[in-house]
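S.K.: Numbering (our numbering), first residue to last: 685 to 813. Quick reminder that beta carbons are idealized off the backbone N, C-alpha and C, glycines included. Fair warning: this is a prediction, and the values are worked out from it, not measured in the lab. Take this structure first; my questions come after.
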């Protein structure tokens with residue numbers, strides 16, 4: 685039987701309820717989840733651990749999500765990043781994609797769309813979906 689590599693996902697959001705929701709959805713599907721509550725914590729985490737995917741909130745008090753996206757993308761171009769926001773503005777989604785986000789997700793739709801999006805982005809990496 686082939687060995688399946690554990691898929692590790694970093695969830696970055698300053699809202700503990702959103703982090704808990706994402707953790708529940710992703711762990712329920714068999715992913716390993718690490719949570720960070722700030723952009724600076726996320727930058728430190730990606731330097732220490734190899735993640736296959738990151739969900740990244742745009743609005744955080746310590747560091748703008750776009751700044752985190754730029755820095756992570758420059759050092760870890762292989763990391764798949766889903767930018768998550770409560771804003772429905774198309775310009776923010778376009779900006780996130782132009783900076784290298786693999787996808788964008790409206791927080792209000794996360795319960796329904798997070799898992800299918802993650803599974804689609806990780807389909808070539810022995811994802812548990």
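For residue 745, I'd like the list of residues in its chain whose CB is within less than 8 Å of its CB, leaving aside the five on either flank, ordered along the chain.
M.R.: Start at 1 with the first residue of the chain shown, and residue 745 comes out as number 61. For residue 745, where only same-chain residues beyond five positions count, the Cβ hits under 8 Å are 698 and 722.
S.K.: Helix, strand or coil, according to DSSP, for residue 688 in the structure here?
M.R.: If you number the chain shown from 1, residue 688 lands on position 4. Summary for residue 688: the model assigns pLDDT 42, below 50, so the residue's position carries little reliability, and this model does not support an answer.
S.K.: Under 8 Å, do residue 739 and residue 706 count as touching if we go by C-beta distance?
M.R.: For the purposes of this step, residue 739 is taken as the residue at position 55 of the chain shown. For the purposes of this step, residue 706 is taken as the residue at position 22 of the chain shown. Yes, the Cβ-Cβ distance between residue 739 and residue 706 is below 8 Å.
S.K.: By a C-beta neighbour count over all protein chains shown, 10 Å radius and 16 as the cutoff for buried, is residue 754 buried or exposed?
M.R.: Here residue 754 corresponds to residue number 70 of the chain shown, with the count starting at 1. By the neighbour-count rule (16 or more Cβ atoms within 10 Å), residue 754 is not buried but exposed.
S.K.: Distance check for residue 791 and residue 714, CA to CA, integer angstroms please.
M.R.: Within the chain shown, residue 714 is the residue found at index 30, counting from 1. Within the chain shown, residue 791 is the residue found at index 107, counting from 1. About 21 Å.
S.K.: Label residue 762 either buried or exposed according to how many other C-beta atoms from any shown protein chain fall within 10 Å of its C-beta, with 16 as the threshold for buried.
M.R.: Within the chain shown, the letter at position 78 stands for residue 762. Exposed, because fewer than 16 other Cβ atoms sit within 10 Å of the Cβ of residue 762.
S.K.: In chain order, what residues of the same chain have a beta carbon less than 6 Å from the beta carbon of residue 794, not counting five sequence neighbours either side?
M.R.: Position 110 of the chain shown, counted from the first residue, corresponds to residue 794. Cβ within range, chain order: n/a, list empty.
S.K.: Check each candidate in 752, 760, 800 and 709 and name the one with the smallest Cα separation from residue 767.
M.R.: For the purposes of this step, residue 767 is taken as the residue at position 83 of the chain shown. If we check each option's Cα against that of residue 767, 752 comes out closest.
S.K.: Per DSSP, which residues does residue 764 bridge with? Please list them.
M.R.: Stepping through the chain shown from its first residue, residue 764 is reached at position 80. BP columns for residue 764 point to 737.
S.K.: Rounded to whole angstroms, what's the CA-CA distance from residue 690 to residue 800? Just pull it up for me.
M.R.: Taking the chain shown and counting its residues from 1, the one referred to as residue 690 is at position 6. Taking the chain shown and counting its residues from 1, the one referred to as residue 800 is at position 116. About 18 Å.
S.K.: Can you give me the C-alpha to C-alpha distance between residue 760 and residue 802, rounded to a whole angstrom?
M.R.: Taking the first residue of the chain shown as 1, we reach residue 760 at position 76. Taking the first residue of the chain shown as 1, we reach residue 802 at position 118. Taking the straight line joining both Cα atoms gives about 18 Å.
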